[in-house]
Amino acid sequence: MAIFQNQGQDVWEATLAFVHNQWFGLVVVVFVFHGLNGLRLSMQELGFALGRPAPPSYPHQDSLRKKRLLTMVMLAVTILLSLLFLYIFFIAGVW
Amino acid sequence: MTEVKARQVTFKLQRYDPEQDDSPHFQEFRVPASRGMTVLDGLIYIKETEDSSLTFRASCRMGICGSCAIFVNNYPYLACQTQLEELGSDRLMIKPLPNLPVIKDLVVDLTSFFDAHQSIKPYLIGHDKEEMENPTSEFVQTPQELNEILQFTNCIKCGICLSACPTSASDELFLGPGTISQCYRYCADNRDDGERERSPVVAADHGIWHCHLAGACSEACPKGVDPALAIQLLKRRLVSQALKPGRKQKPASVKPHHQS
Amino acid sequence: MGRTYLWLLQMVTGVVILVSLSIALVSTHLPVVLNLLGIDAIGQVPEGLAANRAHPGVWAGMAGVLVAIILYHALSGLRNTLVELVPSAKKARIISWVIIVSGIIILMGTIYVPVVLFSR
C-alpha cells in the first residue's frame, strides 16, 4: 500500500486493473493448488501419513492408498477454496 | 460331442536384432490360450513352435528370480506371474522394459540397474568389525525390528520399478526406486551401521531427492515391496541426520554364547 | 548432505510463504473475511490500516525478507526442474549459476520497494 501511496494513484489503479482480470483468478487457483500440494508433499515425503511397513502378505497393501486419499482430500480443499474465492471476488463482487 | 475351440490370443511382440535391424518392429503370433496360461507360457509356445529366434529372459517361472519382467499392454509385469485371463484382452502388445537399453527382442541391459544397486553397498555393515569378520554368534533382532524392514526384503531386483518410474524416464542417471528402497532396507536394519557410508551415494545428484512420490513403483511392484514408502522413510532418516547427526537406533547386540 | 539441506530449505521456504501470504491476504482483506463469517465490518475497519503498519522499518524489512524467500523458492524450484531434465553435470552447473545470478539481479531490483519504504 505504501509503495502505491508513494508512486501515485495511476500505479495503484493500474495494479488493481491487472489483479481484477479474470485470468488472475486462474493464477490464484493455481497458487492455492501449488500451496496445498506442497503441504501434502512436505508431509508425505518425510514418511508421514503413508502408513507403516507391513509384513508382506498377499493381497499386497501399499502406501499408495493413503497417499491417494490425502491427494483427493487436498484436491477437494483446493476446489472448495477456489470456488469460494471465485464467488467472493467475481460473483459477489466484494473485491 | 461338441469340440471346444481353444481361445486364440494375439501376441504382438516387439522384435529387434541389432545385427540385422535398424530399428525395432512388431511381429504378431497367434497363441492358443488355455485356462491358467501365463504370458511366459505364451512366449515359450511361440519360441518352441513358431519362431525359435525369439529372445527373452526367464528362469524360475514362479515369480522369485525377477528375470522375466516385460511390458504387456503398456504396463510392466512379471511374465510368469501374469495369466492371460487377468489381462482381459485377446490382443497383447509385448515390449521390453522401458528406461533401459534393449539388447535383443525382449531382453534389456540391466547393467546400470545392478551397478546402481551395488553402489549403495547392499549388505550389512556392522558396527563391530571383528564380529563381522569372525562371527561368534547371531545378532539379536526382535520381531518388531524385523517388521520395520521385512516388507522391503521381498525385492527380487526385477527392474519393474525402474521401468515404471516417471523420474527414470526423464533422468537416465536417476538411481531408481529399487536401489533407493534397498538402501533404506539396510540403513533401517538394526544390525547395520553403514548409513554414513551410504548417505553420500543416495543423497547425491540424481539420487533420492529426484523422487517426487509419483508412486508408480509401488503400484507396479509384483512383490508388494512398496519402494515408494521405503524412499520416503529414507528421506526422513536423511533429514534427521542432517538436522541432528549421530546414531539414532541402538546397535544390535550379539546373542551371548551360553544362551540357546 | 548438501542436496538434503537444499530440499529442506525448499520445503521450509514453501511453508513460510504459504503462512505469510495467507496472513497478509487475510489482514489486507479483513473486512471481507469478517463479512464471510457473518460480521458486518465493511467500512468499519480503517482502510489505511495496512499502509500505516507498513511504514515502520521492521515491516519493510520483513517484506524484503519475504521477497527474498519467495524468489529463492521459485528459482530453486525452476533450477531443480531444469537440472532433472539435463543429465550432464556441466550443463547442470551452468544452469545453476545462471539462475543464481538472475536471482541476485532480480532481488536487487525488488529491494527497491523496502528501500523506498525505509526512506519515507
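Taken in sequence, the protein lines are chains D, C and R.
Quick note: to get the numbering used here, add 31 to the position in the first sequence (first position is 1).
Quick note: to get the numbering used here, add 77 to the position in the second sequence (first position is 1).
Quick note: to get the numbering used here, add 1059 to the position in the third sequence (first position is 1).
Quick reminder that beta carbons are idealized off the backbone N, C-alpha and C, glycines included.
Rounded to whole angstroms, the gap between the alpha carbons of residue 156 of chain C and residue 248 of chain C is 26 Å. Contact between residue 238 of chain C and residue 298 of chain C holds: their C-beta atoms lie close to 6 Å from each other, under 8 Å. Taking every protein chain shown into account, the CB of residue 240 of chain C has 16 or more other CB atoms within 10 angstroms, so this residue is buried. Going by C-alpha positions, residue 123 of chain C is about 49 Å away from residue 73 of chain D.
An exposed status is given to residue 223 of chain C, since fewer than 16 other beta-carbon atoms sit within 10 Å of its beta-carbon. Annotation for residue 126 of chain C: no beta strand (DSSP E) segment contains it, though the alpha helix (DSSP H) segment containing it runs 116–126. Residue pairing by DSSP puts residue 146 of chain C in a beta bridge opposite C/155.
Taking 7 Å as the CB threshold, residue 1096 of chain R stays off the interface with chain D.
Judged by DSSP secondary structure, residue 88 of chain C falls within the beta strand (DSSP E) whose first and last residues are 84–92. Put simply, the CB of residue 78 of chain D is far from chain R, with every gap to its CB atoms at 7 Å or more. Note that the region 185–204 of chain C touches the region 266–274 of chain C; at least 3 beta-carbon pairs, one per stretch, sit closer than 8 Å.
Two segments are said to touch when three or more pairs of C-beta atoms, one from each, lie closer than 8 Å; by this definition the region 83–95 of chain D touches the region 213–233 of chain C. Counting every other CB atom within 10 Å of its CB across the protein chains shown gives residue 219 of chain C a total below 16, marking it as exposed. Against chain D, a Cβ distance below 8 Å from residue 1089 of chain R picks out nothing, because the smallest value is about 12 Å.
Going by DSSP, residue 102 of chain C is part of the beta strand (DSSP E) stretching over 102–110.
Comparing alpha carbon positions, the residue from C/99, C/173, C/285 closest to residue 90 of chain C is C/173. The contact set of residue 1070 of chain R on chain D, defined by CB atoms closer than 9 Å, consists of 69, 72, 73, 76, 77 in chain order. Contacts between residue 119 of chain D and chain R, judged by CB atoms closer than 8 Å, involve 1091, 1095 in chain order.
Neighbourhood of residue 182 of chain C in chain R, by CB distance below 8 Å: empty, with the nearest CB roughly 27 Å away.
With a threshold of 7 Å between beta carbons, residue 1137 of chain R makes no contact with chain D. Under the 10 Å beta carbon count, residue 1171 of chain R is surrounded by fewer than 16 other beta carbons and is classified as exposed. For residue 179 of chain C, the enclosing beta strand (DSSP E) starts and ends at 179–181. Closest by C-alpha distance to residue 185 of chain C, out of C/100, C/127, C/295, C/144, is C/144. In the structure shown, the three-state DSSP call for residue 170 of chain C is strand. Taking one beta carbon from each stretch, the region 255–265 of chain C and the region 112–124 of chain D have fewer than 3 pairs nearer than 8 Å; the two do not touch. At a cut-off of 7 Å between beta-carbon atoms, residue 1123 of chain R makes no contact with chain D.
At least 7 Å separates the CB of residue 317 of chain C from every CB of chain R. The criterion of a C-beta distance shorter than 7 Å is satisfied by residue 116 of chain C and residue 159 of chain C.
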